[in-house]
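Encoded as structure tokens, the structure appears first; notes follow it.
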Amino acid sequence: MKIKQPLITSSEFNILHELLSDIRREVRELKDGVHTRIDTAVKSVKEAFQGFGILDPEEEMWTEKQVCERYHVDRKTMYRHRKAGRITGYKYGKGKNCKIYYRKADVIELFSTLNA
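Mapped onto UniProt numbering, the consecutive letters of the sequence shown carry residue numbers 1 to 116.
Structure follows, in structure tokens:
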């Protein structure tokens, strides 16, 4: 035995369509509001990190020579820190002509923990 399902009228359909359109609009507004808040939060965190010298857009990577000059350490000391796994060095080039770079945030973290 089949149950007869009532069909909706065009006026009921229009009402449902308007309700769904309103819901869709509200969801979009909520989504846009969330994205705006996230963008604002990300911007303020970046600005805070730049203020502390962690994120410096002009100087994200330091050469080994720059690190040694700034922190008054020898290249062998930096080599020992790399081999001990305390910091990651990034090599660019091959052989004796390669340069070793360090992320600025990693260098700051390494020397702040050593001096603490």
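The beta-carbon is built from N, C-alpha and C at its ideal position, and this holds for glycine as well.
Classify T9 as helix, strand or coil using the three-state DSSP reduction.
If you number the sequence shown from 1, residue 9 lands on position 9. Correct three-state label for T9: coil.
Spatial distance of K94 from F49 (CA atoms)
Walking along the sequence shown from the start, residue 94 turns up at place 94. Walking along the sequence shown from the start, residue 49 turns up at place 49. Roughly 33 Å between the two C-alpha positions.
DSSP state of T40, grouped into three classes?
On the sequence shown, residue 40 is found 40 positions in, with the first residue counted as 1. T40: helix per DSSP, three-state reduction.
Pull up the DSSP beta-bridge partners for R103, would you.
By 1-based counting over the sequence shown, the position of residue 103 is 103. Beta-bridge pairing links R103 to M61.
Taking the beta strand (DSSP E) that K91 belongs to, which residues open and close that run?
The residue given as residue 91 occupies position 91 in the sequence shown. K91 -> beta strand (DSSP E) spans 90-92.
Compare the C-alpha of K99 against each of G89, F13, K2 and name the closest.
Taking the first residue of the sequence shown as 1, we reach residue 99 at position 99. It is G89.
Rounded to whole angstroms, what is the Cα-Cα separation between E60 and V67?
Residue numbering aside, residue 60 sits at position 60 when the sequence shown is read from its first letter. Residue numbering aside, residue 67 sits at position 67 when the sequence shown is read from its first letter. Distance between the alpha carbons of E60 and V67: 12 Å.
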